[in-house]
Amino acid sequence: MVKAVFPGTFDPPTKGHINLIKRGAALFDTLDVVIAVNTNKMPLLTPEERMELLSESVKDLSGVKVTLCNKLIVDYAVENDIKVILRGIRNVADFGYEFELSMMNKQLKSSIETIFLPTDPKYFVLRSSSIKELLNFHADISGMVPAHVEKLLKRKTGGY
Numbered sequence: 055m056v057k058a059v060f061p062g063t064f065d066p067p068t069k070g071h072i073n074l075i076k077r078g079a080a081l082f083d084t085l086d087v088v089i090a091v092n093t094n095k096m097p098l099l100t101p102e103e104r105m106e107l108l109s110e111s112v113k114d115l116s117g118v119k120v121t122l123c124n125k126l127i128v129d130y131a132v133e134n135d136i137k138v139i140l141r142g143i144r145n146v147a148d149f150g151y152e153f154e155l156s157m158m159n160k161q162l163k164s165s166i167e168t169i170f171l172p173t174d175p176k177y178f179v180l181r182s183s184s185i186k187e188l189l190n191f192h193a194d195i196s197g198m199v200p201a202h203v204e205k206l207l208k209r210k211t212g213g214y
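For the sequence shown, the working numbering begins at 55 and goes up steadily by one.
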């Protein structure tokens, strides 16, 4: 059985994230979607909101579990007997960052492998940070996030 973990901040969860989760669920026996709780970041959504939104988005996928984590992803992986970290990449800049991160994780725990999954082309430009910026300008984000995510974002930001 091959278990994988797909970590991220998911602030907010996008259609690109959901696409990667669905594709990862098809590749691995189990996939833990791990929401990083990073006290150094200023998220728009609380960890609990992100967990609720992602759980709703993946409720029909077997073998997928959504959880919160405030530790190193390699520590989470070891504690849960997971051997693969799944990472999505959109472009060369993402690859450079993700490659360095994978090398650091490899130094910390050599038995854990990182698999890079290129984004689906239709989600190439989706970034959670861009979506938050678009919200400030009351732009239509309906094509970028699931409807239940959009509804919460509208409520939190005063709508558009």
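Backbone N, C-alpha and C fix where the C-beta goes; we use that ideal spot for every residue, glycine too.
Leaving out five residues on either side along the sequence, give the residues of the same chain with a beta carbon under 6 Å from the beta carbon of residue 124.
In the sequence shown, the residue the question calls residue 124 occupies position 70. Correct list, in chain order: 91.
Quick one: residues in its chain with C-beta nearer than 6 Å to the C-beta of residue 156, no 5 flanking neighbours on either side, listed in chain order?
The residue given as residue 156 occupies position 102 in the sequence shown. The residues are 168.
Going along the chain, which residues of its own chain have a beta-carbon closer than 6 Å to the beta-carbon of residue 59, five neighbours each way excluded?
The residue you call residue 59 lines up with position 5 of the sequence shown. So the list reads 86, 88, 131, 136, 139, once near-sequence residues are dropped.
How would you write the range of the beta strand (DSSP E) that residue 61 sits in, first residue to last?
What you label residue 61 is simply residue 7 of the sequence shown in a count that begins at 1. 57–62 is the span of the beta strand (DSSP E), which, as asked, contains residue 61.
Would you mind sorting residue 191 into buried or exposed? The rule is 16 or more other CB atoms within 10 Å of its CB.
The residue given as residue 191 occupies position 137 in the sequence shown. Classification for residue 191: exposed.
May I have the straight-line CA-CA distance separating residue 120 from residue 103, to the nearest angstrom?
Sequence index remark: in the sequence shown, residue 120 carries index 66 (1-based). Sequence index remark: in the sequence shown, residue 103 carries index 49 (1-based). Looking at the two C-alpha atoms, the distance is approximately 12 Å.
Measure how close the beta-carbons of residue 188 and residue 66 come, nearest whole angstrom, since I'm counting them as under 8 Å.
To locate residue 188, count along the sequence shown from 1; it is residue 134. To locate residue 66, count along the sequence shown from 1; it is residue 12. Not a contact, Cβ separation roughly 11 Å.
If we require 3 or more residues per run, which beta strand (DSSP E) segments fall completely within the stretch 89–131?
DSSP runs (the beta strand (DSSP E)) wholly in the stretch 89–131: 118–123.
Nearest-angstrom Cα separation, counted from residue 181 out to residue 203
One-based indexing of the sequence shown puts residue 203 at position 149. One-based indexing of the sequence shown puts residue 181 at position 127. C-alpha separation (whole angstroms): 14 Å.
Roughly how many whole angstroms lie between the Cα atoms of residue 164 and residue 143?
As a first step, residue 164 must be located in the sequence shown, where it is residue number 110. As a first step, residue 143 must be located in the sequence shown, where it is residue number 89. Across the structure, residue 164 and residue 143 are spaced so that their CA atoms are roughly 22 Å apart.
By the three-class DSSP mapping on this structure, what secondary structure does residue 171 have?
On the sequence shown, position 117 is the one that residue 171 refers to. DSSP places residue 171 in the strand class (E or B) of the three-state scheme.
Per DSSP, what kind of secondary structure is residue 87 in: helix, strand or coil?
Counted from its first residue, the sequence shown places residue 87 at position 33. The three-state secondary structure of residue 87, taken from DSSP, is strand.
CB of residue 107 within 9 Å of CB of residue 175, strictly
In the sequence shown, counting from the first residue as 1, residue 107 sits at position 53. In the sequence shown, counting from the first residue as 1, residue 175 sits at position 121. In this structure, residue 175 does not lie closer than 9 Å to residue 107 by Cβ.
Cβ atoms of residue 198 and residue 68: under 9 Å apart, would you say?
Within the sequence shown, residue 68 is the residue found at index 14, counting from 1. Within the sequence shown, residue 198 is the residue found at index 144, counting from 1. Their beta carbons are under 9 Å apart, which means residue 68 touches residue 198 by this criterion.
Short check: CB of residue 61 to CB of residue 166, under 9 Å?
Within the sequence shown, residue 61 is the residue found at index 7, counting from 1. Within the sequence shown, residue 166 is the residue found at index 112, counting from 1. Residue 166 sits away from residue 61, with the two beta carbons spaced by 9 Å or more.
Relative to the C-alpha of residue 77, which candidate in 109, 129, 134, 141 has its C-alpha closest?
Taking the first residue of the sequence shown as 1, we reach residue 77 at position 23. The shortest C-alpha to C-alpha distance from residue 77 to any of 109, 129, 134, 141 is the one to 141.
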